[in-house]
Amino acid sequence: MGRMPRDVMSHELNLLWQSIFTWVSWVIVLGMIAVAIYLWRKERTPFYLCAMLAAGVGAFAEPLYDVAFDLWFFDADSAGNPGAMWSHFSAFGVVQPNWSHSGYIILYAAVALYAGRRMYEGRLTRKGLFAIWGLEILTSCVFETIGTGVDVYTYYGPYELRIWNYPAVIGVLEGTQTVLFTVLAVQIWRRVSRPWGLTSLFAAFPITMFGANFGIGSPIIIALHLDGGDFSRGLVWAATFLTMALCVLAIHGASKFLPRPRAVVEPDGLPVPSSDHALLV
């Protein structure tokens, strides 16, 4: 944070796009909540809603991510004065937008909503998991390329391999985090016998969020913040590709934890659930 350019801090926030990000994202979330409640009634499990709430609550830790990955949400008016953002708190000097929670739910809980049941029943293959990973990377890139391109926020660090203003490595990390969270969440779902057991998703989210971004993403974090003569663009390039390669390995590893089809015995001896024996509430 100490080396953040002053022109970044005083950069004018695009008020129109702030409104679009806020209202459109929350409308999408309301639609997702409606689907989650419908599935709760249909399948008799609160899993989908719990996954969404876990992601939404997890957004309160966003400032940690901002500091590590050099992310700044624009907060200045046309005169360069702070206070233009619709915000609810600030930490580490980074003001947080109200739409951070809706953004987290959309980016990180959508897979649980559209693929959670398939994963639970053992109908998702390794190839299918990689396809979901690719889709989530694309979704992140579209969402954030818009956000960073219309003066809502920026990744101000010395990144390489950008899409417009958006660092591609961030999209790969976000897609990876989404898949890791969903696989862990579904495995928890299969193992709990009471609704309150799904509250552990609130712990699972930050575990995968920071395990993926701060763990797998550690090469790019360090490369971006090397001091003085230790810094080089070549190292940032190398760290970018190393981080992406680690993401591939992580998804490959996650595929080994996909639930097995009903006819296949789980390695740990966990009974294979039938489609009508999910968590009942």
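Residue numbering for the sequence shown follows the numbering used here, beginning at 1415 and increasing consecutively.
Glycine included, each C-beta is placed from N, C-alpha and C at the ideal position.
Paired residues, beta bridge with Y1569 - DSSP: L1485
Whole angstroms is fine: what's the gap from F1628's alpha carbon to Y1479's? 8 Å
Using the three-state DSSP reduction, which class does S1424 fall into: helix, strand or coil? coil
Among T1592, W1651 and F1616, whose alpha-carbon lies nearest the alpha-carbon of T1553? T1592
Does H1666 pass the burial test, meaning 16 or more other C-beta atoms within 10 Å, or should it be called exposed? exposed
In angstroms, rounded to a whole number, what distance separates the CA positions of W1603 and E1550? 22 Å
Have a look at A1668, A1465, F1655 and G1589 and flag the residue whose alpha-carbon is nearest the alpha-carbon of G1547. In the sequence under discussion, the amino acid at residue 1547 is Trp, which differs from the Gly named in the question. Of the candidates A1668, A1465, F1655 and G1589, the one whose C-alpha sits nearest the C-alpha of W1547 is G1589.
S1554 - containing alpha helix (DSSP H), residue span: R1540 to G1563
Cβ neighbours of A1668 in the same chain (closer than 8 Å, five flanking residues each side left out): L1543, V1593, L1594 and V1597
Using only the alpha-carbon positions, how far apart do A1469 and V1481 sit? 19 Å
Based on Cα-Cα distance, which residue from A1545, Y1573, V1586 and P1511 lies nearest to Q1432? P1511
Between G1631 and chain C, is there a C-beta pair that is closer than 8 Å? The chain inventory of the structure shown lacks chain C, comprising one protein chain alone.
Straight-line CA distance for V1530 to V1600? Before going further, note that residue 1530 is Gly rather than Val in the sequence given. So the alpha carbons of these two residues sit roughly 7 Å apart.
Taking all protein chains shown into account, decide if H1515 is buried (16 or more other Cβ within 10 angstroms of its Cβ) or exposed. buried
Alpha carbons only, please: which of A1493, F1474 and F1506 is nearest the one belonging to G1517? F1474
Can you tell me where the alpha helix (DSSP H) holding F1628 begins and where it ends? Element bounds for F1628: n/a, residue is neither H nor E.
Excluding the five sequence neighbours on either side, which residues of its own chain have a C-beta within less than 8 Å of the C-beta of W1651, listed in chain order? E1574 and L1575
Cα-Cα separation, I1442 to W1513: 11 Å
Start and end residues, beta strand (DSSP E) containing S1492: Note, S1492: premise wrong, no beta strand (DSSP E); not H, not E.
Rounded to the nearest angstrom, what separates P1460 and P1609 at their Cα positions? 7 Å
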